[in-house]
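Residues -7 to 522 (the numbering used here) make up the sequence shown, in order. Cβ atoms here follow ideal geometry from the backbone N, Cα and C, with glycine treated the same way. On a predicted model such as this, the values are computed, not experimentally measured, just so you know. Down below is the structure, laid out as structure tokens.
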Amino acid sequence: MSNTEKSAILFSNQAKTTFILDIPQSIKQAQSLSPHQKKTQRSPPLSISARQEFKNTHKCLLSTAPLTEPYPTSTEPKSESARAKVLARIPESERVYHEGILPVVNDALECIKDEFGEQQEWCLARYCADENRVSAEDLKREDDDCASVSKRRRLYSAKEPSEYSGKNPDYPHPGSTGLPENSRSWSNEFDQPPVILSSTSENNFQMICEMNGIVKNPSFETARLSISNHEIKLNEVSSSSRYIIPPRSNFILCTLPLSSQSHDNNAFSFESTTTSTRNNEQQPIPGLSKDQKFNLILFDPPWPNKSVRRSKHYQTHPYAEMEFLTQQLTRILQIHAQPPTPDANPNNPPKKPTIAAIWITNAEKARRAAYNTLNKSGFRVIEEWIWVKVTNKGIPITPINGLWRKPYEILIIGQRGGFNADDFAAMNMNVHRSSISGSYSESDFHSNPSREKQIIRRVIAAVPDIHSRKPNLRDLFEDVFFSECDGDDDDGSYVAMEVFARNLTAGWWGCGNEVMKFNDEGCWVDSDLI
């Protein structure tokens, strides 16, 4: 990353509980090793080439224009009596939970206005597709694949008016699941050596099946990958399948077995043979050895969501499969999360903790599933990060106290270990009791009521971008949880994996059937915007 490049973190208060984060810039910076990673990953200093490291000084991630006005609130109850009727149908535990979120968000936004200022933009300038090529039908479709973006680009200046104001920020052009439909021919075997990419020449593949299993870029420089027989044409725009693979990144391009049967005929399937089914039972992530452990596992699960399923942005799972989805997330943590050291002291946090983080929707079932997943895997909830979606002037895109649509998403963060056996047994009993009664409260998922007060809530204000594109939080994770990890021990830096990833992150692992989605070269444009 260039020394002159703007940081994705536009604001942070002194306590590091309130931030403004620019989403496209956070993903851009994640394509290079962070200063922390350069320090802790043992390598000759000269091996990290400022010239070759993604060459990202002159590249920008294509985005949607920032919202300048909140969305219309036509779906909210029009009267107090109507609002009261809706509230009466919401479980008390949910009302209490979101009522607890409100003051945290309000205080954070006030903090930003006081310390950051009300006149500044809450995002950096963005590169967007040529607005003249965007049709009304494209906007209705709300698809978001970057491969078909027009080669004509324009720079969005945060000070110029936008015709997208108040509209859905999804990228308005034909979409896919990260790879063309006709590319979905796979072998069922994953038990093979990893594919090692070269950073000195382009890595050409004739078929996607050549990348079955683990693919690694062990270099401290960016690698390029191309699939020669997968050229697609959408709206008369040709885009070859060429991808940018960040340094020290590893990935598995696969569909995780998250349902008892396939719900999407177009999805990659590894359950079609006895061999693959047996392997999936042993490996919740196809091809990943049970011996591979991580200090950080980040999930963005395909929670059931009716509106998302209708818009066909990406595969989600019906509520009937929620239990199976939870089981699979639990298995991933049980198998691949780094176990705590036997002599771990709850009062003396380790330099390299074991962290699990799960993005959830605002549905009670998703939050319950996330808590259950962490609890069953030996984690306790320690933090909640609230991503508040705002306009370019810091106004929430919908009312914070809205009933039908809330302007935030929450990342539930747990840490393995750090409590004694009695506390863990009490937590299990609380969860079991609530599962029988069908009524959950947040305190059920902590070892005792005092634990609930110890949860740290951080607020990340960010202007939304393309649908399904979340802020890349690598730098925040490092600052909050791994700043004491100095790399002087035999293990070097922390090891992280993003599950259901939609882009690769330098120094991390990633897996999912869209793991290279935003690493497609069609999602990037050369520019002098830094």
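| query | result |
| --- | --- |
| Where S519 falls: helix, strand or coil (DSSP) | coil |
| Neighbour-count burial assignment, H28, 16 or more Cβ in a 10 Å radius | buried |
| C103, enclosing alpha helix (DSSP H) - first and last residue | 84 to 107 |
| For F316, the three-state DSSP class (helix, strand or coil) | helix |
| Proximity below 7 Å, CB of S233 to CB of I219 | yes |
| Extent of the continuous alpha helix (DSSP H) run through L79 | 72 to 80 |
| Of the residues S18, E376, L245, the one placed nearest I352, counting alpha carbons only | E376 |
| C-alpha gap between I188 and N209, whole angstroms | 6 Å |
| Beta-carbon spacing of R408, G370 below 7 Å | yes |
| Residues bridged to W527 (per DSSP) | No statement about residue 527 is possible, as the shown extent of the chain runs from -7 to 522 and does not include it. |
| For G504, the nearest candidate out of P293, I236, R118 (CA to CA) | P293 |
| Opposing strand residues paired with A329 [DSSP bridges] | F286 |
| For C477, three-class secondary structure by DSSP | coil |
| Other residues of its chain near D518: CB distance less than 7 Å, five sequence neighbours each side excluded | H50, K51 |
| Outcome for Q275 when other beta-carbon atoms lying within 10 angstroms are tallied against a minimum of 16 | buried |
| Cα-Cα separation between R146 and A100, rounded to whole angstroms | Note that R146 scores a pLDDT of 44, beneath 50, so its modelled location is shaky and nothing firm can be said. |
| Any chain B beta carbon closer than 7 Å to A454 | Absent from the structure is chain B; it holds one protein chain and no more. |
| For N195, the nearest candidate out of I347, E110, I206, I236 (CA to CA) | I236 |
| Top-ranked residue by Cα proximity to E91, from G109, R466, N354, N495 | N354 |
| Which listed residue (Q320, A493, P332, S475) has its alpha carbon closest to that of S485 | S475 |
| Reference T9; option with closest CA among R449, W516, G514 | R449 |
| Outcome for Q21 when other beta-carbon atoms lying within 10 angstroms are tallied against a minimum of 16 | buried |
| Backbone secondary structure at L468 - three-state DSSP | helix |
| Bridge-paired residues (DSSP) for V207 | V187, F243 |
| Three or more C-beta pairs below 8 Å linking the stretch 281 to 288 and the stretch 488 to 505 | yes |
| Distance, V507 Cα to T318 Cα | 21 Å |
| Distance, Y400 Cα to L379 Cα | The sequence shown places Trp at residue 379, rather than the Leu named in the question. If I take the Cα positions, the gap works out to 5 Å. |
| Endpoints, the alpha helix (DSSP H) within which A362 is located | 356 to 368 |
| Closest Cα partner of I582 within the set R466, R397, I1 | The structure shown does not extend to residue 582, since the chain spans only -7 to 522, so no value can be given for it. |
| Rounded straight-line distance, which links the Cα of L245 to that of C515 | 18 Å |
| Beta-carbon spacing of I19, L54 below 7 Å | no |
| For Q407, the first and last residue of its enclosing beta strand (DSSP E) | 400 to 408 |
| Neighbourhood of T67 by C-beta distance below 7 Å, restricted to the same chain and skipping five residues each side | W396, R397 |
| Simplified DSSP assignment, three categories, for T10 | strand |
| From E86, L468, K(-2), residue whose alpha carbon lies closest to that of N393 | E86 |
| Beta-bridge partners of K20, as assigned by DSSP | DSSP lists no partner for K20. |
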